[in-house]
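Heads up, the thing below is written out as structure tokens.
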Amino acid sequence: MKHLILLILATIMLSTIGCTFVKLTQEGDRVRVATADEVNGCEHLGETRASLIDTVVGFKRNPETVQDELETLARNSAVNLKGDSVVAISRVVDGNQTFAVYRCNGMPR
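Count the sequence shown with my numbering and you get residues -12 to 96, in order.
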């Protein structure tokens, strides 16, 4: 019985590794993830650092899910700088990534 409970708990924990925990806000939905070439000529507004937990119960989360969530956090944060575009300017390290924030389409202040 004890082994069955441990197996069930392990299954539940492993199934959450690929789950998305970060939600895109309505405002963040108006911010796009762009490449450096796509923001050529846009106004650079600053930087934002996205950070999250990339390990659950000792297991690394799915790298694609982590990347998606970091981009979502950056998009949500870019609104605070009146930005409409973000570009990753660092690699993901331990669940952290830095993004440059730009205004390309005259997002309202």
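Idealized CB from N, CA, C, for every residue including glycine. Note that the structure is predicted; figures quoted are calculated from it, not measured.
Ranked by Cα distance from V80, the first of N63, G70, A87 and L57 is L57. Taking the CA atoms as reference points, R19 sits about 18 Å from R78. Residue burial is scored here from C-beta neighbours: G33 has fewer than 16 other C-beta atoms within 10 angstroms and is therefore classed as exposed. Residue F8 holds the alpha-carbon nearest to the alpha-carbon of R48 among T22, C91, R90 and F8.
N67 and L11 have their C-alpha atoms some 14 Å from each other. In the DSSP secondary-structure assignment, Q84 is bridged to A37.
Secondary-structure assignment with DSSP links A61 through no beta bridge to anything. Assignment of V73 by DSSP, reduced to helix, strand and coil, places it in the strand class. Relative to D16, the option among V74, V88 and R62 whose CA is nearest is R62. Annotation: A37 to L60 spans about 6 Å, alpha carbon to alpha carbon.
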